[in-house]
Structures are given as structure tokens and as C-alpha cells.
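Enquirer: Going by full-length UniProt numbering, the sequence shown opens with residue 1, and the numbers climb by one from there.
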Amino acid sequence: APLRVKVRLVIYDKDSPASKKAVKLIKEQDVYMGEIPLMTDTGTFIINGTERVIVSQLHRSPGVFFDHDRGKTHSSGKLLYSARIIPYRGSWLDFEFDAKDVLFARIDRRRKLPVTVLLRALGYNNVEMLDIFFEHNVF
Numbered sequence: 001a002p003l004r005v006k007v008r009l010v011i012y013d014k015d016s017p018a019s020k021k022a023v024k025l026i027k028e029q030d031v032y033m034g035e036i037p038l039m040t041d042t043g044t045f046i047i048n049g050t051e052r053v054i055v056s057q058l059h060r061s062p063g064v065f066f067d068h069d070r071g072k073t074h075s076s077g078k079l080l081y082s083a084r085i086i087p088y089r090g091s092w093l094d095f096e097f098d099a100k101d102v103l104f105a106r107i108d109r110r111r112k113l114p115v116t117v118l119l120r121a122l123g124y125n126n127v128e129m130l131d132i133f134f135e136h137n138v139f
């Protein structure tokens with residue numbers, strides 16, 4: 001369906017005093033703005049003779065997002081922290097602490113697995129994991 005807008009141009013007389021503007025000329029005209037598809041009773045649109053449905057899509061921006069549960073998950077009110085890595089393409093990676101301060105990982109929001117299992121899958125052994133997470137005390 002065509003979209004038309006009524007446009008009014010008002011031209012004022014520049015010789016009239018500033019306190020009282022005198023209208024010199026008024027022009028009104030219908031201006032064609034483009035075509036808009038018609039909506040049916042069921043909320044679909046007819047575009048080029050075929051019925052179409054509009055589906056909105058949300059897209060999360062890539063990056064690292066840090067969050068906490070605001071103390072609502074655990075009965076003691078302890079804050080449980082988490083981080084989410086969202087790549088440009090590929091699987092999302094979530095890291096989260098539980099109430100006992102154990103770090104877990106999730107891949108694409110699936111099963112929760114200890115982060116040590118993920119590190120072993122990436123090729124780290126027990127000694128290398130201890131080197132990453134704990135400092136060395138020499139007596």
C-alpha cells in the first residue's frame with residue numbers, strides 16, 4: 001500500500017515586525033514516501049503476493065561478560081561469580097563458581113563439568129594445573 005504524507009510549507013513575510021509574523025504563503029501537497037506492506041488479521045504481511053511472517057532475532061555481542069547472582073542462589077547470601085566468553089562464531093564458554101568455591105565450566109550451556117576436566121582436555125597435567133592456580137612456597 002502506498003504511503004502518502006500531507007506536507008505543509010508556510011512562508012512568512014520577512015518585512016513584517018518580529019513580534020507579529022505575517023503569513024505570506026501556505027502550500028499543501030501530498031508527497032509519496034514509499035510502499036508499506038499490509039498486515040493481515042493474523043499479524044502476517046502480504047509482500048509481492050505471498051504471506052510473510054516477521055521474526056525478530058536477538059544477537060549477543062562477542063566478548064567476555066562477568067556476572068554474579070546477587071546472593072540469591074545460595075541460602076547464606078554468598079555471591080556466586082561467573083564469566084561467559086561469547087566468540088564471533090562457535091560455542092559459548094561459561095565459567096562459574098559454586099557455593100563451595102569450586103570452579104566449573106559449561107560449553108554451550110550444557111552439562112556443568114569441573115574446570116580441571118576442561119584443562120586436562122586442553123593438555124595440562126596435574127603439576128601444570130597446580131602451577132597455574134597456586135603459588136610455590138619453599139621452606
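A virtual CB, placed ideally from N, CA and C, is assigned to each residue, including glycine.
Quick one: grab the DSSP three-state call for Ile54.
Expert: Locating residue 54 in the sequence shown gives position 54, where the first residue counts as 1. Of the three classes helix, strand and coil, the one that applies to Ile54 here is coil, per DSSP.
Enquirer: Is it a yes or a no for the region 46-66 touching the region 9-25, going by three-plus beta-carbon pairs under 8 Å?
Expert: no
Enquirer: Which residues mark the beginning and the end of the alpha helix (DSSP H) in which Leu79 is found?
Expert: What you label residue 79 is simply residue 79 of the sequence shown in a count that begins at 1. Careful: Leu79 lies outside any alpha helix (DSSP H) and carries neither H nor E.
Enquirer: Does the beta-carbon distance from Val64 to Ile85 come in below 8 Å?
Expert: Numbered from 1 along the sequence shown, position 64 holds the residue referred to as residue 64. Numbered from 1 along the sequence shown, position 85 holds the residue referred to as residue 85. A contact, by the Cβ cut-off of 8 Å.
Enquirer: Would you identify the three-state DSSP class for Asp101, choosing helix, strand or coil?
Expert: Indexing the sequence shown from 1 puts residue 101 at position 101. Of the three classes helix, strand and coil, the one that applies to Asp101 here is coil, per DSSP.
Enquirer: Could you tell me the alpha carbon to alpha carbon distance between Thr44 and Ala1, rounded to whole angstroms?
Expert: Sequence index remark: in the sequence shown, residue 44 carries index 44 (1-based). Sequence index remark: in the sequence shown, residue 1 carries index 1 (1-based). Distance between the alpha carbons of Thr44 and Ala1 is about 15 Å.
Enquirer: Cutting at 8 Å between CB atoms, please list the residues of its own chain near Asp13, excluding the five before and the five after it.
Expert: Here residue 13 refers to the residue found at position 13 when the sequence shown is read from its first residue. Taken in chain order, the residues that qualify are Lys21, Ala22, Val23 and Lys24.
Enquirer: DSSP state of Phe133, grouped into three classes?
Expert: Along the sequence shown, one-based indexing puts residue 133 at 133. Looking at Phe133 - three-state DSSP - the assignment turns out to be helix.
Enquirer: Which ranges does the alpha helix (DSSP H) cover as unbroken runs of at least 4 residues, wholly within the region 18-51, from first to last along the chain?
Expert: Within the region 18-51, no complete alpha helix (DSSP H) run reaches 4 residues.
Enquirer: Leaving out five residues before and five after Phe95 in sequence, what residues of the same chain have Cβ atoms less than 6 Å from its Cβ?
Expert: If you number the sequence shown from 1, residue 95 lands on position 95. Around Phe95: Ala83 and Ala105.
Enquirer: Using CA coordinates, which residue listed in His59, Leu38 and Asp101 is at the minimum distance from Thr50?
Expert: Looking up residue 50 in the sequence shown gives position 50. The candidate whose alpha carbon is nearest that of Thr50 is Leu38.
Enquirer: Are Leu130 and Ile107 closer than 8 Å when you measure CB to CB?
Expert: By one-based count along the sequence shown, residue 130 stands at place 130. By one-based count along the sequence shown, residue 107 stands at place 107. No. Outside cutoff.
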